[in-house]
Structures are given as C-alpha cells and as structure tokens.
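A.B. asks:
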Amino acid sequence: MFISFEGLDGCGKTTQVELLEAFLEMRDVEVVGTREPGGTELGETLRAIVLHGQKVSPWAEVAIFAAARAELVDQVIEPALKRGATVISDRFVDSSLVYQGVARGLGIENVLQVNVLATKGLMPDRTFLLLVDEKLSEARVGEERDRMESESEAFRRLVGDGYRRLAEMFPERIVALDGTQSREQIARDVRKALVEGAI
Ligand code: TYD
C-alpha cells in the first residue's frame with residue numbers, strides 16, 4: 037500500500053506521517069517513510085538546490101522535483117512495495133501539480149505528464165490532504181523559511197485553491213481532512229478512512 041500526505045506548509049502532515057507510521061509499526065506492518073524532495077542521496081542534494089539555492093526558473097523547478105521523485109520511486113518506493121511494505125510519503129506528485137502546475141501557472145496536465153514519465157505512472161493508493169487556510173499556514177511556518185515558504189500570500193492562496201481542485205479531480209484517491217482539528221482527531225480520521233477503504 038502506498039499512502040501520501042499533502043497540504044500547505046505548516047498543515048501538520050509531517051506529524052501525521054509519524055503518527056501513522058508508529059500506529060502501523062505497532063501492528064507489525066513494515067513501514068517505509070519517505071519525504072519529498074529528498075529521501076535518497078540524490079534527492080537530498082536536489083532538495084538543497086531547489087529549496088535553499090539560488091532562484092530556479094519554473095520548468096527547471098518541475099524537472100528538479102521530478103528528478104528527485106524518479107530516484108525515490110526507483111530506489112526506495114518500488115522496491116518497498118514489491119516486498120509488501122507500506123510506503124508513507126510526506127508529499128508526492130500532487131505537490132508538483134499544485135505548487136508548479138497551479139501556483140506557478142504551468143498547468144496541472146503539463147506537470148502531470150512529466151511526472152507520469154518520471155514515476156512510471158506510480159500513484160498513491162490513498163492521499164490525505166490536510167486543509168488549513170493560508171493565514172494559518174503563514175503563521176505556522178517559522179522564521180527560517182525555505183525558498184517556497186518565502187513566497188507571497190497570493191502564492192499560498194493559489195496552492196490552497198489548487199489542492200481543493202485536485203481533491204475534486206481525484207475524489208477516489210484523495211481524502212480531504214480539516215487540518216485545524218487536534219492532531220489526535222486527524223490521526224483517528226486517517227485510520228478510519230484507511231479501514232473503511234479496506235486497504
Ligand atoms: P516540505 O518537505 O513540506 O517542507 P518542510 O521540510 O519545510 O516541511 O516541502 C518542501 C517545499 O517544497 C514545500 O514548500 C513544497 C515544495 N514542493 C514543491 O513545490 N513541489 C514539489 O513537487 C514538492 C515535493 C515540494
């Protein structure tokens with residue numbers, strides 16, 4: 037099973053990834069946690085370039101995120117799924133569709149095409165989208181900001197709208213949850229959705 041978590045910066049997805057990992061491990065499920073961009077040696081190098089380096093043009097940004105993702109699929113996700121492990125990824129293709137496709141204005145379909153090739157068509161079985169508004173995201177992101185976190189409020193609003201659009205486009209895969217609830221309540225909602233989806 038392949039699960040991803042998505043949402044605006046500061047939405048609490050990293051905490052939920054950790055809670056779900058701990059929950060499944062207690063039940064003796066082999067869990068592999070990954071983060072994007074990153075999760076491999078090449079991915080971490082690309083992460084430093086795209087988040088902490090100089091300005092990157094929009095299509096170069098798509099290509100860098102896609103390269104990190106291609107490496108992650110090839111080196112980590114595919115092998116883990118093949119041996120029957122559950123993979124939980126902190127962000128996946130949807131982040132590119134929304135940040136680059138919508139907020140940078142490159143188009144969801146265009147960015148999807150590049151990513152379908154890079155990931156050999158691999159998509160999560162279930163994606164949890166934690167919804168928080170732009171103001172809360174802004175407030176939760178601390179002083180030290182990466183290149184994407186330093187973007188304007190208008191950019192955040194586009195990202196938020198983009199995620200809502202994706203949830204409508206892929207209702208079977210994406211489960212949208214209220215990210216302003218307590219972390220325990222969100223964790224319960226996540227587990228409930230997984231059980232009800234029988235995956
Ligand atoms: P994230 O790991 O959530 O940041 P942090 O480590 O600070 O919690 O994501 C890094 C940033 O990169 C985030 O602002 C979203 C952005 N991003 C994209 O723009 N496109 C992508 O494809 C991915 C994976 C991330």
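The sequence shown lines up with residues 37 to 235 when you count with the numbering used here.
Idealized CB from N, CA, C, for every residue including glycine.
For Leu230, does the count of other Cβ atoms within 10 angstroms reach 16, so buried, or fall short, so exposed?
C.D. replies: Classification of Leu230: buried, given that the 10 Å Cβ count is 16 or more.
A.B. asks: If I measure Cβ to Cβ from Gly69 and keep anything under 7 Å in the same chain, skipping five residues before and after, which residues do I get?
C.D. replies: Within the same chain, Gly69 has close Cβ partners Val53, Glu57 and Ile124.
A.B. asks: Throw me the rounded Cβ distance for the Ala223 and Leu55 pair, which I believe falls under 8 Å.
C.D. replies: With 8 Å as the limit, Ala223 and Leu55 qualify as a contact, their Cβ atoms being about 5 Å apart.
A.B. asks: Alpha carbon to alpha carbon, how far is Arg176 from Gly215? Give it in angstroms, no decimals.
C.D. replies: Approximately 12 Å, taken between the alpha carbons.
A.B. asks: Apply the 10 Å Cβ neighbour rule to Ser218 and answer buried if 16 or more other Cβ atoms are within range, or exposed otherwise.
C.D. replies: Looking at its Cβ environment, which holds fewer than 16 other Cβ atoms inside 10 Å, Ser218 is exposed.
A.B. asks: Which class does Val226 belong to by DSSP, given the choice of helix, strand or coil?
C.D. replies: Helix.
A.B. asks: If you measure from the CB of Ser132, is any heavy atom of ligand 1 nearer than 7 Å?
C.D. replies: Yes, since a heavy atom of ligand 1 falls inside the 7 Å radius drawn around the Cβ of Ser132.
A.B. asks: Whose C-beta lies closer than 8 Å to the C-beta of His88 among residues of the same chain, with five residues either side of it excluded?
C.D. replies: Excluding positions up to five away in sequence, the list reads Asp182 and Arg183.
A.B. asks: Exposed or buried, what is Pro73 when buried is set at 16 or more other beta-carbons lying within 10 Å of its beta-carbon?
C.D. replies: Buried, because 16 or more other Cβ atoms sit within 10 Å of the Cβ of Pro73.
A.B. asks: Tell me whether the beta-carbon of Glu174 lies closer than 8 Å to the beta-carbon of Glu187.
C.D. replies: Not closer than 8 Å, so no.
A.B. asks: Within 10 Å of its beta-carbon, does Lys49 have 16 or more other beta-carbons around it, so buried, or fewer, so exposed?
C.D. replies: It counts as buried.
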